Amino acid sequence: MRELPQEGAESYAGSLLVAHPSMLDPNFRRAVLFISAHTADEGALGVILNRPLEKKVSEVVSETPLNALEKVPVFFGGPVGRDRLIFASLEWKTGEGLRLNHNVDVEEANE
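Per my numbering, the sequence shown starts with residue 12, numbered consecutively.
Here it is as structure tokens:
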């Protein structure tokens, strides 16, 4: 796991955030978040990693043939953009760590 940026650093991208046990907000209580993008100008994009919805992609996407994605589980990613479905891929790069690619379209994810 990489070290957190020092005070005044520009980005927390690549960081895991674990909710403190006293966190009462139901959106983030007991949540583990992966921050995939973060800048001072545009804010952060992260996803909650530990909230499965007990649904498969085939139950929430109907307009596109799914093939390989039909049985992939869907997770609750967070309280913002609840009407959106983001396809993401995880990539490990030695020396750099874990990268979440969150701009994956349905056709690309289905390959």
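In this text, a Cβ means the ideal position worked out from N, Cα and C, and glycines have one as well. Given the structure is predicted, the values throughout are model-derived calculations rather than measurements.
Inter-residue Cα distance where the pair is residue i and residue j
i       : j       : result
Glu-45  : Asp-36  : The residue you asked about is not Glu; residue 45 is Phe in the sequence shown. Going from the Cα of Phe-45 to the Cα of Asp-36 covers about 18 Å.
Leu-101 : Leu-111 : 5 Å
Lys-67  : Trp-103 : 25 Å
Test item: CB-CB of residue i and residue j under 7 Å
i      : j      : result
Gly-92 : Val-58 : no
Asn-38 : Pro-84 : no
Leu-60 : Ala-48 : no
Glu-81 : Ser-69 : yes
Ala-30 : Ala-42 : yes
Pro-63 : Phe-86 : yes
Residue interval of the beta strand (DSSP E) (run including residue i)
i       : result
Val-85  : 84-86
Leu-101 : 98-104
Jot down the residue ranges of each uninterrupted beta strand (DSSP E) in the segment 16-82, minimum 3 residues, whole runs only, in chain order.
-> 27-29, 43-50, 54-59, 63-67
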